[in-house]
Structure formats: C-alpha cells, structure tokens
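Chemist: Under my numbering, the residues of the sequence shown are numbered 240 to 722, in order.
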Amino acid sequence: MSENLNHTNSSLYSEDLAPVSAEKRTWTTWNYAALWISMSLCIPTYMLSSSLIEGGMNWWQAILTIFLGNTIVLIPMILNGHAGAKYGIPFPVFARASFGTMGANIPALLRAIVACGWFGIQTWIGGFAIYQMMRLWIPSIETLPQIFPDSWGLQTGPAICFLLFWLLNMYVVYLGVDSIRKLLVFKAIFLPMAALALLFWAISAANGLGPILETQSKFTNSVDFFHFFFPALTGMVGFWATLSLNIPDFTRYATSQKAQIKGQIYGLPTSMTLFAFVGVVVTSATTIVFGTTIWDPVILAGKFDSKLLVSLAMIAVAISTLATNIAANIVSPANDFANLSPSKIDFRKGGYITGIIGIMIFPWKLIADPTGYIFTWLVGYSSLLGPVGGIMIVDYYFIRKQTLVVDDLYNKNGIYSFSKGFNTKAIWALLLGILPNVPGFFLTIKVVDNSVFPEWISGLYHYAWFVGFGISGLVYYVLMRKK
240 MSENLNHTNS
250 SLYSEDLAPV
260 SAEKRTWTTW
270 NYAALWISMS
280 LCIPTYMLSS
290 SLIEGGMNWW
300 QAILTIFLGN
310 TIVLIPMILN
320 GHAGAKYGIP
330 FPVFARASFG
340 TMGANIPALL
350 RAIVACGWFG
360 IQTWIGGFAI
370 YQMMRLWIPS
380 IETLPQIFPD
390 SWGLQTGPAI
400 CFLLFWLLNM
410 YVVYLGVDSI
420 RKLLVFKAIF
430 LPMAALALLF
440 WAISAANGLG
450 PILETQSKFT
460 NSVDFFHFFF
470 PALTGMVGFW
480 ATLSLNIPDF
490 TRYATSQKAQ
500 IKGQIYGLPT
510 SMTLFAFVGV
520 VVTSATTIVF
530 GTTIWDPVIL
540 AGKFDSKLLV
550 SLAMIAVAIS
560 TLATNIAANI
570 VSPANDFANL
580 SPSKIDFRKG
590 GYITGIIGIM
600 IFPWKLIADP
610 TGYIFTWLVG
620 YSSLLGPVGG
630 IMIVDYYFIR
640 KQTLVVDDLY
650 NKNGIYSFSK
660 GFNTKAIWAL
670 LLGILPNVPG
680 FFLTIKVVDN
690 SVFPEWISGL
700 YHYAWFVGFG
710 ISGLVYYVLM
720 RKK
C-alpha cells in the first residue's frame, strides 16, 4: 500500500481489515492442512454423513457424495484464496473490488447471517449435550412445565441448557478469541479419540464391518436415487460455501500461493471424507443395534448405560463445540459486522450481534431432522452464497486479471467506489442468481404447494449453489463487459 494515503482516517479502514504485512505471513502448507483437519472434526460433519444414511443411501454412496461435494467446493476455495495470499486482504475487503466499497456489505452480511445460523446450530448441539448429561442426574429436568409455544418445537429443559451454553459462548467473546487456544488443543485430542471410540463401538456392536457394509440402499431405482443425490450433493457443497467466500481471512497469512493451495488440497477433501466415514459406519450400526437410525451422535451417546461415561462424553462434546464455535462461527461474522462500521463496531460487539441472531434463527428446528438439515439449511443458504462466489471469481479472474489496486479498496473515492460505493451490476447479477432458487425454497419450507410453480422451476432449487454460481457469474461478466 502506498504511504501517501492516510487510511487511518478512512471509515473503510481498521487494523482488523488492513492488509497483513509480509513478516506476518507465516502460515505454511501444514498450517492450512491442520486448519482443515481441525474444522472438519466437528459434530455437524458427522451429522452430514449420518443424514445421508438416514436419507436412504448406503455407505459408499454417502462417502462418494461427500467426497465429490468437498472436491467441488475446493475449487472456489482455492480460487478465492488466491487474492488473500497475494494481497493480504480479508474477505470483506476483497468483496469491495466486485461489489463496491459500500456494496461489499451485502455479500458480507449474507455470509455473516449464514455464520450466525451455524453459531446457533453449534450452540444448540453444545447445549443439548449438557441437557443429555443433566437429565441423567436430575431427571425432573425432562418434565419441567412447557413455557414456549408448541409451534416453536422447544422444550423447557433443553432450552435452559441451550441458554446456559449460549451465555458461556458470549463470555468467551468478552474474554477474547485467545482464551480458547487451550480448548482448541483439547478438541484436537478429544474428537479424534471420540471418533475412533465410536467407530470401534459400532464395529463391535454390529458384529463386524460386514453387516454394516452390506446394508443396502433404500433406493430401488436410479430415478429415486438421483432425485435425492443431486440436492444432497448441493448440500455437501453448501456445507463449506461460507468458507469458500471468506477463505481470504485465512490465506492472507500464507507464506506463498503454493502453501495455501497444497494445504487445502491435502486438508479439506481427505479430512472431511475420513471423518464422514466414521459417521456413516456408526449411523449404519445404529440401525442394526437399535432397530432405528440415530443420526445425532449426542442422542446416540445418551443411550449408553454408564452415567459417568455419558457425563464425561457430554462435557467433552460441549467443550469441543465451544472451541469450534468461537473459532469457526464467531470470528468471521464478527469481522463482517465490524466492516459495516469499522469505527463503531469492534470484534466484541460483532460477536454479541452474532450470538443474538444465532438464537433468532431457531437453530433447533434446522437440525430437528436430516431433511431440514440438508434441504432447508444447507441447500437453502447455498442459494445465497453460490451467486456471491460466481461474481467474485469472475471479477477477479476475468475482469481484473488477478490485479487489484489495494489502496483504492480503502478509498471511498477510488476505482472501486462505482456509483456512491455500490456496483449495481454486481447487485443485479446477485439478484438474478438468487431468484431462480426462490420458488423451490418456498416449496421446501411449505410456504406454497406444488401447484404454484412448474416442476422444472421449483426443481432448480435442487442445484441451488450451481444455478446461482453459474447465472450470477455469467450475468456479471456480460454486464461488466458491456460499455
């Protein structure tokens, strides 16, 4: 960045959003591989694979779907990561090149709201783990008077534990991210051990891998299979669609492009597939052992006989979830909210905003069943983030040829100011990419019935991320090339 522009007086500048200096770019290939291993080892990853088994796939169909989804999302991950590694800028600043210095708040907010949803989901998982422990020692918590409307689908006992765990998350935000470093180390040790323990239990309880791997798919013909496969694949891509946008938040610390590219290739598809394999095997085993498919590992752990073992497991799940939640679901949206008003909203305030929105999204409903988890949540938000990814990649590679004027990213009167800070072409492209998926989303959440839209229109939602990415990217390219 040039020295003749006083960025510290710009409302677009803050220390958190400033380019990372060369001496602070220390992340190597193995740092990025470790990052992905750490982020992949979480309860939602397990539930990702178990939901496919619950949906009717057999073990190899589920594993293949997850591997394909993560290989696909790896492509925009690496492409968007290039700008972070080259210029040292975070996602909210990178988005200014395509959406404008003020318009960048739009994709940042979309991504932030999705991250808030993930924060809520993880907080619910941690709170429910506490509830599973509490009901063993205080059975009366299961029969507390109902205080919430039936339409909320929320029982009083789990709600209390959810609120307590939410308050713990907010306290960590108050203390600062550095306070969870030891928890991240604990998570890195505990979750792999817990995953292996569950895997060995599943193999033993089901009398070997044979019965598990011989479990047949519930789909009797290819039409039914692909009707489930394509939206499931979209959901797998959507799982990391948020990170495919804000990956510059991490690659800005890379020692080189090779470090971020190789690290992500080594870390993402392999760790997701391996941990998903555990979910597939264990979930398949529950069908054999209990006669019903249990896709939630917290509920599964609660079925073990030993009170002490269950309690220790639930405490460990809560601690691990707390560490994951702060690192993966607080840091990024807090920065996005700070980008709205860098001089007024700091990281702590951004974290509090994230926490409040995380409750308002009703996360317990999003993971109440596998259908809601995949088709409503994962596919739903991929319809918002796919278009953003298409616009940013087309802008960086085909319009700007990987060349950015970094000074102007922090300048209200620079080349990225467009029209009063908004690139209307990007906004139109975004809207046109989102629009085709709206009918299918409305149908999925049962706002309308099948008779309202033609099947081919509502069916586009099954490919939401791909449809949005392709349409927005193409429209943006045409509009930007048009004089």
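Idealized CB from N, CA, C, for every residue including glycine. From a predicted model like this one, the values you see are computed outputs, not experimental measurements.
Tell me where the alpha helix (DSSP H) around residue 310 begins and ends.
Modeler: 298–326
Chemist: Give, in chain order, every unbroken run of the alpha helix (DSSP H) that is at least 4 residues long and sits entirely within the stretch 608–638.
Modeler: 618–633
Chemist: Since residue 522 is in the alpha helix (DSSP H), which residue starts that stretch and which ends it?
Modeler: 496–529
Chemist: How long is the line joining the alpha carbons of residue 265 and residue 600, rounded to whole angstroms?
Modeler: Between residue 265 and residue 600, the alpha-carbon positions lie close to 37 Å from each other.
Chemist: Determine the extent of the alpha helix (DSSP H) in which residue 270 is found, giving its start and end residues.
Modeler: 268–279
Chemist: Please look up how many angstroms separate the CB atoms of residue 282 and residue 560, rounded, as I've assumed it's under 8 Å.
Modeler: 6 Å
Chemist: Taking only three categories from DSSP, how would you classify residue 250?
Modeler: coil
Chemist: When you compare each of 714, 685 and 645 to residue 257 by their alpha carbons, which one comes out closest?
Modeler: Put simply, of 714, 685 and 645 the residue whose alpha carbon is nearest the alpha carbon of residue 257 is 645.
Chemist: What is the DSSP secondary structure of residue 465, counted as helix, strand or coil?
Modeler: helix
Chemist: What are the boundary residues of the alpha helix (DSSP H) that includes residue 706?
Modeler: 703–720
Chemist: For residue 553, does the count of other Cβ atoms within 10 angstroms reach 16, so buried, or fall short, so exposed?
Modeler: buried
Chemist: Just list the alpha helix (DSSP H) runs in the stretch 631–692, keeping only unbroken ones of 4 residues or longer that don't cross its boundaries, in chain order.
Modeler: 663–673 and 677–683
Chemist: What did DSSP end up calling residue 354 once you bin it into helix, strand or coil?
Modeler: helix
Chemist: To the nearest angstrom, how far is it from the Cα of residue 452 to the Cα of residue 461?
Modeler: 20 Å
Chemist: Kindly list the residues whose CB is nearer than 7 Å to the CB of residue 244, restricted to its own chain and excluding five residues on each side of it in sequence; keep chain order.
Modeler: With a pLDDT of only 48 at residue 244, under 50, the local geometry of the prediction cannot be trusted, and no value is derived from it.
Chemist: Output the boundary residues of the alpha helix (DSSP H) element that contains residue 261.
Modeler: Taken as a continuous stretch (DSSP letters only), residue 261 belongs to no alpha helix (DSSP H), as it is neither H nor E.
Chemist: If I measure Cβ to Cβ from residue 242 and keep anything under 8 Å in the same chain, skipping five residues before and after, which residues do I get?
Modeler: Note that residue 242 scores a pLDDT of 46, beneath 50, so its modelled location is shaky and nothing firm can be said.
Chemist: Run through DSSP, which three-state label would residue 486 get?
Modeler: Three-state DSSP puts residue 486 in coil, outside helix and strand.
Chemist: For a quick check, are the C-beta atoms of residue 277 and residue 422 less than 8 Å apart?
Modeler: no
Chemist: Looking only at C-alpha atoms, which of 285, 471, 322 and 363 sits nearest to residue 704?
Modeler: 471
Chemist: Report the three-state DSSP secondary structure of residue 552 (helix, strand or coil).
Modeler: helix
Chemist: Measure the C-alpha to C-alpha separation of residue 690 and residue 697 and round it to an integer number of angstroms.
Modeler: 10 Å
Chemist: What residue range is occupied by the uninterrupted alpha helix (DSSP H) comprising residue 184?
Modeler: Within the shown structure, residues of the chain are numbered from 240 to 722, placing residue 184 beyond reach of any answer.
Chemist: Looking only at DSSP bridge pairs, what is residue 493 linked to?
Modeler: 266
Chemist: Which of helix, strand or coil does DSSP assign to residue 255?
Modeler: coil
Chemist: Taking 7 Å as the limit between beta carbons, can you name the residues of its chain near residue 535, skipping five residues before and five after?
Modeler: 286
Chemist: Okay, do the stretch 587–598 and the stretch 438–451 touch, 3+ Cβ pairs below 8 Å being the bar?
Modeler: no
Chemist: Is the beta carbon of residue 404 closer than 8 Å to that of residue 562?
Modeler: no
Chemist: At the level of alpha carbons, what is the spacing between residue 357 and residue 597?
Modeler: 7 Å
Chemist: Should the stretch 340–348 be regarded as contacting the stretch 513–532, the criterion being three or more beta carbon pairs within less than 8 Å?
Modeler: no
Chemist: How long is the line joining the alpha carbons of residue 760 and residue 336, rounded to whole angstroms?
Modeler: Only positions 240 to 722 of the chain appear in the structure, and residue 760 is not among them; the question remains open.
Chemist: So residue 510 and residue 316 are in contact, right, with Cβ under 8 Å, and what is the actual spacing, rounded?
Modeler: 13 Å between Cβ atoms; not a contact.
Chemist: Are the beta-carbon atoms belonging to residue 519 and residue 292 less than 8 Å from one another?
Modeler: Yes, they are a contact pair.
Chemist: Buried or exposed for residue 508, please, with buried defined as at least 16 other CB atoms from any protein chain shown within 10 angstroms of its CB.
Modeler: In this structure residue 508 is buried. Its beta-carbon is surrounded by 16 or more other beta-carbon atoms within 10 angstroms.
Chemist: Would you mind sorting residue 432 into buried or exposed? The rule is 16 or more other CB atoms within 10 Å of its CB.
Modeler: exposed
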